[in-house]
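The next block holds one structure in the form of structure tokens; read it before the comments.
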Amino acid sequence: MKRFIEGEDRTQVTLLPECLDDYIGIDNPVRVVDAFVEELQLQDLGFESAEPAVTGRPSYHPAVLLKIYIYGYLNRIQSSRRLERECQRNLELMWLTGRLAPDFKTIADFRRDNGVGIRNVCRRFVILCREVKLFSQAIVAIDGSKFKAVNNRDRNFTAVKIDRFQEQVAQSIQRYLDTLEAADRSHSVDMQAKTERLQDKITKLRQRMRQLDDLKTQLKSEPGEQLSMTDPDARSMATSRLGSGIVGYNVQAAVDTKHHLIVAHEVTNESSDRSKLSAMAIAARAAMGKIRLQAHADRGYYNGRELKACADAGIAAYVPKPLTSNAKAEGRFDKADFVYIARDDEYRCPAGQRAIYRFTREERGLQLRRYWSSACPQCPIKAQCTAERRQTYHPLGT
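For the sequence shown, the residue numbers in numbering that gives the first Met the number 0 are 0 to 397.
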């Protein structure tokens, strides 16, 4: 292999073999993970088996398993089986664990049994970031992500799904009954055997229909009238892709905009983000130890009550207003065409007229300020504005 960079002979024995530490760069993130975990008081944080048992087979120290868990989180390795394989072949994990390779069940059990301890470690990490002044800007971005649960969609039930399933079962029963009726007119031996099989199928389908009736009754006592058989807390949720959905959770996260660190998170089973803005912003502010905070979110968080709650708590929330009006699609003026003049508390319409404040009323718990102009009935472009007798405008309800 001339003129190529050649590797070493795999069978070559060296007098002074390289140590494992030589393979890990001085700026490798696993060194930070190792230093961070070694400084934790795991027993105080709520980890089980932090103190070894006097008898029995020695167990893995929780610090070793926590390092594996954090490494998997940083490198998007969620499966305990994959983490087991990585411990056997990944140099970074070998360095991190001292060449220990726990089996997948040990890793999975640690993650299952130490939820409180892992959450406390997350809080301790946020406190560390605050102590080293990483949250200097006090600006967070809030968003939600849909995480799939282990519950299959076929084992998640709503009233609509049960009605659809029952309709399918009823159609199958009717189809089998029609086949049985045809078999009665034929007296062949083969048709007699087929009739027995059809009778068994009809019996099972009727049993399935009774089970669905029981599920429909059970749904009435379930939160949100939704039932997940494998993972009871999971809920059916729509995703950003049109016409798709999952059975899972809505995980809310507030992220520091400078270093992209998650400072607060919450797992919910509510599909919508609309009621989560103030709670996440207040939690992020408490975690960062700030008095004032800027919170940025997408239009899915736009809610008058939530924005007011943020303002009352001293949090500046920046959320774009959703475009819910269909006026522009129908060829009329959009809300953006009407300019609010704060100094005079008036609106200026596309025709140049002023809509003045008239009164305030309550609608669905929101205070709505009503505005209109006396020139609306005679306006030459009224058809492009509204089909009503007069046009009214109102700002955000509070």
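Ideal Cβ placement from N, Cα and C applies to all residues, glycine included.
Please read these numbers as outputs of a predicted model, since none were measured by experiment.
Does the beta-carbon distance from residue i to residue j come in below 7 Å?
{"i": "LEU398", "j": "ILE161", "result": "The displayed coordinates of the chain run from 0 to 397. Any statement about residue 398 would go beyond what the structure contains."}
{"i": "CYS128", "j": "LEU260", "result": "yes"}
{"i": "PHE35", "j": "ASN113", "result": "no"}
{"i": "GLY116", "j": "LEU44", "result": "yes"}
{"i": "ALA233", "j": "SER227", "result": "yes"}
{"i": "ARG331", "j": "GLN383", "result": "yes"}
{"i": "ASP33", "j": "PHE134", "result": "no"}
{"i": "TYR248", "j": "PHE124", "result": "no"}
{"i": "TYR356", "j": "TYR339", "result": "no"}
{"i": "LYS289", "j": "GLN251", "result": "no"}
{"i": "CYS309", "j": "SER277", "result": "yes"}
{"i": "PRO101", "j": "TYR59", "result": "yes"}
{"i": "MET236", "j": "ILE141", "result": "no"}
{"i": "ARG154", "j": "THR229", "result": "yes"}
{"i": "ALA316", "j": "ALA294", "result": "yes"}
{"i": "GLN165", "j": "LEU211", "result": "yes"}
{"i": "ILE106", "j": "SER79", "result": "yes"}
{"i": "ARG298", "j": "LEU292", "result": "no"}
{"i": "VAL266", "j": "ALA296", "result": "no"}
{"i": "TYR301", "j": "LYS320", "result": "yes"}
{"i": "LEU218", "j": "GLY303", "result": "no"}
{"i": "LYS257", "j": "GLN87", "result": "no"}
Are there 16 or more other CB atoms within 10 angstroms of the CB of residue i, so buried, or fewer, so exposed?
{"i": "TYR68", "result": "buried"}
{"i": "LEU322", "result": "exposed"}
{"i": "GLN198", "result": "exposed"}
{"i": "THR13", "result": "exposed"}
{"i": "VAL31", "result": "exposed"}
{"i": "GLU17", "result": "exposed"}
{"i": "VAL262", "result": "buried"}
{"i": "GLU398", "result": "Because the chain in this structure spans residues 0 to 397, residue 398 falls outside the shown range and cannot be described."}
{"i": "VAL120", "result": "buried"}
{"i": "ILE138", "result": "buried"}
{"i": "VAL399", "result": "Beyond the ends of the chain as shown, which are 0 and 397, falls residue 399; an answer cannot be given."}
{"i": "THR216", "result": "exposed"}
{"i": "ASN268", "result": "buried"}
{"i": "TYR72", "result": "exposed"}
{"i": "GLU85", "result": "buried"}
{"i": "GLU305", "result": "buried"}
{"i": "LYS66", "result": "buried"}
{"i": "PHE109", "result": "buried"}
{"i": "ILE314", "result": "buried"}
{"i": "ALA354", "result": "buried"}
{"i": "THR10", "result": "exposed"}
Along the chain, where does the alpha helix (DSSP H) that runs through residue i open and close?
{"i": "GLN293", "result": "Here GLN293 belongs to no alpha helix (DSSP H); instead the beta strand (DSSP E) covers 292-296."}
{"i": "GLN87", "result": "79-88"}
{"i": "ASP142", "result": "ASP142 -> not in any alpha helix (DSSP H); beta strand (DSSP E) instead, spanning 138-147."}
{"i": "ALA62", "result": "61-73"}
{"i": "LEU127", "result": "114-130"}
{"i": "ARG48", "result": "Looking at the sequence itself, residue 48 is Ser, so the reference to Arg does not match. It is not in any alpha helix (DSSP H) - SER48 carries neither H nor E in the DSSP assignment."}
{"i": "TYR262", "result": "The amino acid occupying residue 262 in the given sequence is Val; Tyr does not appear at that position. First-last for VAL262: 261-267, but that is the beta strand (DSSP E), not the alpha helix (DSSP H)."}
{"i": "ILE281", "result": "276-287"}
{"i": "PHE401", "result": "One cannot answer for residue 401 here, as it falls past the ends of the chain, which runs 0 to 397."}
Assuming residue i is part of the beta strand (DSSP E), what are its boundary residues?
{"i": "GLY247", "result": "244-255"}
{"i": "TYR356", "result": "353-362"}
{"i": "SER227", "result": "225-227"}
{"i": "PHE337", "result": "Careful: PHE337 lies outside any beta strand (DSSP E) and carries neither H nor E."}
{"i": "SER235", "result": "234-237"}
{"i": "ARG347", "result": "345-347"}
{"i": "ARG56", "result": "Neither: ARG56 is in no beta strand (DSSP E) and is coded neither H nor E."}
{"i": "LEU367", "result": "365-371"}
{"i": "ALA310", "result": "Careful: ALA310 lies outside any beta strand (DSSP E), inside the alpha helix (DSSP H) at 303-311."}
{"i": "ILE314", "result": "314-317"}
{"i": "THR157", "result": "155-157"}
Can you find the residues in the same chain that come closer than 7 Å, C-beta to C-beta, to residue i, ignoring five residues on each side of it along the sequence?
{"i": "LEU214", "result": "PHE156, ILE161 and LEU226"}
{"i": "ALA49", "result": "LEU41, GLN42 and PRO61"}
{"i": "PHE57", "result": "Before going on, a small fix: residue 57 reads as Pro here, not Phe. Hits under 7 Å: PRO51."}
{"i": "SER324", "result": "ASP333 and LYS334"}
Whose C-beta lies closer than 8 Å to the C-beta of residue i among residues of the same chain, with five residues either side of it excluded?
{"i": "GLN352", "result": "SER372, ALA374, CYS375 and CYS378"}
{"i": "GLU83", "result": "ALA100, PRO101, ASP102, PHE103 and ILE106"}
For residue i, collect the residues of the same chain with a Cβ closer than 6 Å to its Cβ; drop the 5 residues on either side in sequence, then sort them by chain order.
{"i": "PRO349", "result": "PHE332 and ASP336"}
{"i": "VAL168", "result": "LEU204, ARG207 and MET208"}
{"i": "TRP94", "result": "LEU19 and ILE23"}
{"i": "HIS264", "result": "ALA252"}
{"i": "LYS327", "result": "ASP333"}
{"i": "ARG174", "result": "none"}
{"i": "ARG152", "result": "VAL246"}
Taking 6 Å as the cut-off, is the CB of residue i close to at least one heavy atom of the ligand FAD?
{"i": "PHE46", "result": "Absent from the structure shown: the ligand FAD. Ligands present: none."}
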